[in-house]
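Structure record follows, encoded as structure tokens.
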Amino acid sequence: MRRREFIGGIGSAAAWPLATRAQQAAVPVVGHLTTAAGKLTDSAAFRTGLSEMGYVLGKNVGYEYRHAERRDQLPALAAELVRQKVAAIVTTGNGNAALAAKAQTQTIPIVFVTSTDPIRVGLVASLNRPGGNVSGVTNFGGELVAKRLQLLRDLVPQAIMVGFLTNPTNSDSEGDKADIQAVARSIGQQLIVLTASTEDEIDTAFASAAQSHVGALIVDPDSFFNSRRRQIIALAARYAIPASYNTRAFAEAGGLMSYGDNRFESYRQLGIYAGRVLKGDKPADLPVIRPNKFELVINMKAAKALGLKVPENLLATANQVIE
């Protein structure tokens, strides 16, 4: 659950010359708080953004990693980073990590990347003028619901009932549910909401979807669902339910279709903002970034396994078709 990493340390502190120790102490440290597994040191996009601001992990900036497997672990992990006096905190996963960090400090800059609506959950006052010590990148997952639902209907026009799988422990679950229910009502689409926050509940949700004759499924953006990607894809195949996801990682792993932000660009912007606050910029003065690049990925192998014929208009607009 807890993993620590500081890049660039060499040998024992007792053996360092005094000047070297003083230089090392001056190196700023970025704390990373997340509900999604994966270090930013492994993210080429984040490192690219940092480097554009003049920072290189392991050279002139350090890194502390805190991964929460459950939401209730976030406050303690955020408090650890604050006690270590990191120069900035970056958060990934869902909005829960950013909210936990914000609750622990009003002075350390916090930069997020999330699909959560940052205004709705209370991270920022507005997009253009965030206020406080928090800013970042949001793809407004809720606003993409209408597009994802339309794409799924284009691919599976015979689906009478569409399911929506959401994690009730996600800070924006209720908002996302309200968004998709409003869209479904406006176009006359029957919708059933399914919830899951554990592995067993994911199994139960798919069984319920099959019993309710769900003809297609939208999976809400959520870091827990991302970590259970293979389980979800396998269940969708087992129950023969065409499913749409928010990130290409699902389609690349065998899922039917994904539509969402260009993840490389979002994490690059995260790195840029992290670099800017390290240079002294205040998050209150950094507008929340909304990606303008979205990508549709279709897995033809999954479509064929489900007996689906992908319309030509979808193939023509897809950014990638996986054969």
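At position 6 of the sequence shown the residue is numbered 5 (numbering that gives the first Met the number 0), and the sequence of numbers has no breaks.
C-beta: ideal position from N, C-alpha, C; glycine also.
As the structure is a computational prediction, the values presented were derived from the model and not from experiment.
Checklist line | Burial state of residue 66 (16 or more Cβ within 10 Å) | finding: buried
Note to self: Suppose contacts are defined by Cβ-Cβ distances below 8 Å. Is residue 193 in contact with residue 207 by that definition?
What the structure shows: yes
Checklist line | Nearest-angstrom Cβ-Cβ length linking residue 363 and residue 226, presumed shorter than 8 Å | finding: The structure shown does not extend to residue 363, since the chain is modelled only from 0 through 322, so no value can be given for it.
Notebook entry, point to check: When we look at the beta-carbon of residue 308 and count the other beta-carbons within 10 Å, is it buried (16 or more) or exposed?
Noted result: exposed
Check: When burial is assigned at 16 or more other CB atoms within 10 Å of the CB, is residue 293 buried or exposed?
Finding: exposed
Margin query: Can you list, in chain order, the residues of its chain with a C-beta nearer than 7 Å to that of residue 316? Leave out the 5 residues immediately preceding and following it.
Written below: 295
Note to self: On the CB-based measure, 16 or more other CB atoms within 10 Å of its CB, does residue 103 come out buried or exposed?
What the structure shows: buried
Item checked: CB of residue 244 within 8 Å of CB of residue 265, strictly -> no
Notebook entry, point to check: To the nearest angstrom, how far is it from the Cα of residue 241 to the Cα of residue 214?
Noted result: 7 Å
Notebook entry, point to check: Thinking C-beta only, is residue 228 closer than 8 Å to residue 205?
Noted result: no
Check: Curious, which full-length beta strand (DSSP E) runs of at least 3 residues does the region 49 to 88 contain?
Finding: 61 to 66
Note to self: Which of the three DSSP states is assigned to residue 215 in this structure?
What the structure shows: strand
Check: Can you tell which of 230, 221, 187, 173 has the C-alpha that lies nearest to the C-alpha of residue 198?
Finding: 230
Check: For residue 163, which residues does DSSP report across the bridge?
Finding: 192, 217
Next item on the list: Please name the residue in 70, 284, 311, 321 whose C-alpha comes closest to that of residue 108.
Entry: 284
Notebook entry, point to check: Quick one: what's got a C-beta closer than 6 Å to residue 247's C-beta in the same chain, skipping five residues either side?
Noted result: 257, 296
Next item on the list: Find out if the Cβ-Cβ distance for the pair residue 89, residue 29 is shorter than 8 Å.
Entry: yes
Next item on the list: Please report the residue range of the beta strand (DSSP E) in which residue 294 lies.
Entry: 293 to 298
Check: Among the residues of its own chain, which have a CB less than 7 Å from the CB of residue 127, if the five just before and after it don't count?
Finding: 286
Next item on the list: Give the straight-line distance between the Cα atoms of residue 33 and residue 175, rounded to the nearest whole angstrom.
Entry: 20 Å
Notebook entry, point to check: Can you list, in chain order, the residues of its chain whose CB lies under 7 Å from that of residue 302, leaving out five sequence neighbours each side?
Noted result: 255, 309
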